[in-house]
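Residue numbers (the numbering used here), protein chains in the order written: chain A, 1 to 209; chain B, 1001 to 1246; chain C, 2001 to 2065.
Step one of this worksheet: look at the structure below.
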């Protein structure tokens, strides 16, 4: 049952990603020079939106069937449980995007090097999206209009990741160094790995009071 | 003079204190506003580079400063409310948000109307403007989260978490936007750093900053009183209020 | 004196539209904010005096019954 739901989640997120990325050439036109220029931004924005799409279900299923209350009173630290939730969210909605991105990048005529940088930047960047997004998901738990609200709360916080993620790909396409981008993304990942589960656990407690 | 702070930390006593303070800050704000506008329009000379268009500075800079300052103050009170479970500080944070958002909007609006004659375009993806826009998003997120939650205590705490996450993120966002801007070699806007600002311009600007500050205090106190009344409407002290009490 | 006449003042050296466009919207925003907060205060007080009356009425009812 759980596995089937997971499978559906993976497919929905993945197809959303593919559709959004494929819409841009239709809107912008098939000019390859333009597409190559906008590719990093388009792929990254689509990844942000796709990863956000499933945030609503991160805690809400457990919330509705009462498992979340049991988790809150269980002896194991909430920090770790929340971290586990974040990891599983990334496995369902982050990792598939990372694997799919190089294929979609080919549609945009990206070079081999740019494709590998794109994949690597998504690999480092998408876990941060799950980590920060979980805070928003925990805060809006059981709130009316929660889905839209999550996007309002979380998208502004995603901006630095978007800038450095897409920036790395652009820098490599322009033949510039992208080490600084990756070290900053890595730093963001480490910082959010420390603080986000803690903040999300606190938010869960607030929402469950 | 010793003030019993704990006494004023109770919403009921604060309600009356705020009522006494509002006229004081209102009068201050009006005096400073009139003085600032007089200096801005009749004392400050014409700028040799920008002509008269620079006079937008007298609202643009105060609005931009207040928008950032108020977010920090809001996060501070929200954090205090979260850490020490003090109702009044959380109410204060809720009262600050709309004024902060309004100043953010004013800063963006006046920035556009200043940019059009100076740079020939309403909007530039400059680090400062972009950060200000993101600040507006953060304010809107805070307010919509609080508005969506019915239970006031939960709204306070949830708002506090998002305000604190926002305040940690603001410097990161600012520096990443700045980096993004230099990377793309966007329009480098150096109008603000004019070589020397006439003293009258600077004085006018600072007086307007003070006016905006006093205005914010008066309005936040007014809104805090509203919130107190809303939340404490069932308590005995509200019931004992005379109908004529302002 | 910077301005020779009122029309000179409103013209703002050719930048009148931009200067006054900024100031007008700012003051409209500020006045709007004040009015909204004031109106909220008034309606709250009206509502509360209503509830107060109802509390008094309830007490009276209890006393008479």
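Ideal Cβ positions, reconstructed from N, Cα and C, are used throughout, including at glycine.
- Can you tell which of 18(A), 207(A), 197(A) and 11(A) has the C-alpha that lies nearest to the C-alpha of residue 106(A)? Mapped onto the first chain, residue 106(A) falls at position 106. Out of 18(A), 207(A), 197(A) and 11(A), 18(A) has the C-alpha closest to the C-alpha of residue 106(A).
- Task: Return helix, strand or coil for residue 142(A), following the three-state DSSP convention.
- Result: Indexing the first chain from 1 puts residue 142(A) at position 142. DSSP places residue 142(A) in coil when its eight states are reduced to three.
- Partner residues on chain B for residue 129(A), Cβ-Cβ distance less than 7 Å: For the purposes of this step, residue 129(A) is taken as the residue at position 129 of the first chain. For residue 129(A), there are no C-beta contacts with chain B under 7 Å, since the nearest C-beta of that chain is about 14 Å from it.
- Can you list, in chain order, the residues of the segment 1099–1122 of chain B whose Cβ is nearer than 8 Å to any Cβ on chain C? So the list reads 1099, 1102, 1105, 1106, 1109, 1110, 1113, 1114, 1116 and 1117, given in the order they occur along the chain.
- Task: Check the C-beta distance from residue 1211(B) over to residue 1100(B) and give it rounded, since I have them as a contact under 8 Å.
- Result: As a first step, residue 1211(B) is located in the second chain; it is residue number 211 there, counting from the start. As a first step, residue 1100(B) is located in the second chain; it is residue number 100 there, counting from the start. The pair is not a contact, with the Cβ atoms about 16 Å apart (cut-off 8 Å).
- Cα-Cα separation between residue 1217(B) and residue 93(A), rounded to whole angstroms: Numbered from its first residue, the second chain carries residue 1217(B) at position 217. Numbered from its first residue, the first chain carries residue 93(A) at position 93. Rounded to whole angstroms, the separation of the alpha carbons of residue 93(A) and residue 1217(B) is 45 Å.
- Beta-carbon spacing of residue 133(A), residue 154(A) below 8 Å: On the first chain, residue 133(A) is found 133 positions in, with the first residue counted as 1. On the first chain, residue 154(A) is found 154 positions in, with the first residue counted as 1. Residue 154(A) is positioned such that its CB atom lies closer than 8 Å to that of residue 133(A).
- Query: Is DSSP giving residue 2013(C) helix, strand or coil here?
  - Reply: Along the third chain, read from residue 1 onward, the residue named residue 2013(C) stands at position 13. Residue state, collapsed to three classes: helix.
- Message: Runs of 4 residues minimum, wholly inside the segment 76–157 of chain A: which ones carry the alpha helix (DSSP H) assignment?
- Response: List check, alpha helix (DSSP H) in window: 78–93, 95–107 and 112–139.
- With a 10 Å radius around its C-beta and 16 neighbouring C-beta atoms as the bar for buried, classify residue 1063(B) as buried or exposed. Counted from its first residue, the second chain places residue 1063(B) at position 63. Per the 10 Å Cβ criterion, buried.
- Query: Taking the continuous alpha helix (DSSP H) assigned at residue 1110(B), which residues delimit it?
  - Reply: If you number the second chain from 1, residue 1110(B) lands on position 110. Under the DSSP assignment, residue 1110(B) falls in the alpha helix (DSSP H) whose first and last residues are 1087–1119.
- Item | Supposed close pair residue 1180(B), residue 167(A) - CB separation, criterion 8 Å | Working through the second chain from its first residue, we reach residue 1180(B) at position 180. Working through the first chain from its first residue, we reach residue 167(A) at position 167. Correct: roughly 6 Å between the Cβ atoms.
- Cβ shell of residue 1080(B) (< 6 Å), same chain only, five flanking positions each side left out: Counting from 1 along the second chain, the entry for residue 1080(B) is found at position 80. The residues 1089, in chain order, have a CB closer than 6 Å to that of residue 1080(B) in the same chain once the five nearest residues on each side in sequence are set aside.
- Query: Does residue 1144(B) get closer than 8 Å to chain A when you measure Cβ to Cβ?
  - Reply: Sequence index remark: in the second chain, residue 1144(B) carries index 144 (1-based). Yes, contact with chain A.
- Query: Is it true that the CB of residue 188(A) sits closer than 8 Å to the CB of residue 135(A)?
  - Reply: Counting from 1 along the first chain, the entry for residue 135(A) is found at position 135. Counting from 1 along the first chain, the entry for residue 188(A) is found at position 188. No, Cβ-Cβ distance for residue 135(A) and residue 188(A) is not below 8 Å.
- When DSSP labels each residue in this structure, what does residue 1156(B) get in the three-state scheme? The residue given as residue 1156(B) occupies position 156 in the second chain. DSSP places residue 1156(B) in the helix class (H, G or I) of the three-state scheme.
- Message: Looking at chain A, is there any beta carbon in it that lies within less than 8 Å of the beta carbon of residue 1189(B)?
- Response: Mapped onto the second chain, residue 1189(B) falls at position 189. With a pLDDT of 46 at residue 1189(B), under the threshold of 50, the modelled position of this residue cannot be trusted; read the value that follows with caution. Residue 1189(B) does not count as touching chain A.
- Measuring alpha carbon to alpha carbon, tell me which of 1171(B), 1215(B) and 1121(B) ends up nearest residue 1024(B). Here residue 1024(B) refers to the residue found at position 24 of the second chain. Residue 1024(B) has its Cα closest to that of 1215(B), out of 1171(B), 1215(B) and 1121(B).
- Task: Less than 8 Å between the CB atoms is what I'm expecting for residue 141(A) and residue 60(A), so what's the real figure, rounded?
- Result: Looking up residue 141(A) in the first chain gives position 141. Looking up residue 60(A) in the first chain gives position 60. Correct: roughly 7 Å between the Cβ atoms.
- Could you have a look at residue 1151(B) and say whether DSSP puts it in helix, strand or coil? Position 151 of the second chain, counted from the start, is the residue given in the question as residue 1151(B). Coil.
- Message: Just to confirm before moving on: does the CB-CB distance between residue 24(A) and residue 38(A) stay below 8 Å?
- Response: By one-based count along the first chain, residue 24(A) stands at place 24. By one-based count along the first chain, residue 38(A) stands at place 38. Cβ atoms of residue 24(A) and residue 38(A): closer than 8 Å.
- Query: Is the segment 168–178 of chain A close to the segment 102–122 of chain A, with three or more CB pairs under 8 Å?
  - Reply: Under the 8 Å Cβ criterion, the segment 168–178 of chain A counts as touching the segment 102–122 of chain A, having at least three qualifying pairs.
- Task: Starting from the beta carbon of residue 1042(B), find every residue of chain C whose beta carbon is closer than 7 Å, and list them in chain order.
- Result: Here residue 1042(B) refers to the residue found at position 42 of the second chain. Per Cβ cutoff of 7 Å: 2002.
- Beta-ladder partner(s) of residue 1051(B), from DSSP: Here residue 1051(B) refers to the residue found at position 51 when the second chain is read from its first residue. DSSP, once it has assigned bridges, lists 1047(B) as partnering residue 1051(B).
- Query: Under a CB-based cut-off of 8 Å, is residue 160(A) close to chain B?
  - Reply: As a first step, residue 160(A) must be located in the first chain, where it is residue number 160. By the rule that beta-carbons nearer than 8 Å mark a contact, residue 160(A) touches chain B.
- Step through the CB atoms of chain B and report whether any lies within less than 8 Å of the CB of residue 2007(C). Residue numbering aside, residue 2007(C) sits at position 7 when the third chain is read from its first letter. It does not; no Cβ of chain B falls within 8 Å.
- Query: What is the residue span of the alpha helix (DSSP H) that residue 1071(B) lies within?
  - Reply: Looking up residue 1071(B) in the second chain gives position 71. 1057–1084 is the extent of the alpha helix (DSSP H) around residue 1071(B).
- Sort 1177(B), 1083(B), 1049(B) and 1042(B) by Cα distance to residue 202(A) and report the nearest one. Taking the first chain and counting its residues from 1, one reaches residue 202(A) at position 202. Of the listed residues, the one whose Cα sits closest to residue 202(A) is 1083(B).
- Does the Cβ-Cβ distance between residue 192(A) and residue 131(A) come in under 8 Å? The residue given as residue 192(A) occupies position 192 in the first chain. The residue given as residue 131(A) occupies position 131 in the first chain. Less than 8 Å separates the beta-carbon of residue 192(A) from that of residue 131(A).
- Item | Distance between residue 195(A) and residue 77(A) (C-alpha atoms, nearest Å) | For the purposes of this step, residue 77(A) is identified with residue 77 of the first chain, where counting begins at 1. For the purposes of this step, residue 195(A) is identified with residue 195 of the first chain, where counting begins at 1. Computed Cα separation, rounded: 15 Å.
- Message: Please list the terminal residues of the continuous alpha helix (DSSP H) segment that includes residue 206(A).
- Response: For the purposes of this step, residue 206(A) is taken as the residue at position 206 of the first chain. From DSSP, the alpha helix (DSSP H) with residue 206(A) extends over 179–208.
- Query: Quick one, are the C-beta atoms of residue 1223(B) and residue 1078(B) less than 8 Å apart?
  - Reply: For the purposes of this step, residue 1223(B) is taken as residue 223 along the second chain, with counting starting at 1. For the purposes of this step, residue 1078(B) is taken as residue 78 along the second chain, with counting starting at 1. For residue 1223(B) and residue 1078(B), no; Cβs fall outside 8 Å.
- Message: So, does the segment 1131–1140 of chain B touch the segment 1159–1179 of chain B, judging by three or more C-beta pairs under 8 Å?
- Response: As far as the Cβ criterion goes, the segment 1131–1140 of chain B touches the segment 1159–1179 of chain B, which means the pair count is three or higher.
- Task: Compare the C-beta of residue 163(A) with all C-beta atoms of chain B and state if any pair is closer than 8 Å.
- Result: For the purposes of this step, residue 163(A) is identified with residue 163 of the first chain, where counting begins at 1. Residue 163(A) counts as touching chain B.
- Message: Am I right that residue 1044(B) and residue 1147(B) are in contact with their C-beta atoms under 8 Å? What's the rounded C-beta distance?
- Response: Your numbering for residue 1044(B) matches position 44 in the second chain. Your numbering for residue 1147(B) matches position 147 in the second chain. So it is not a contact: roughly 41 Å between Cβ atoms.
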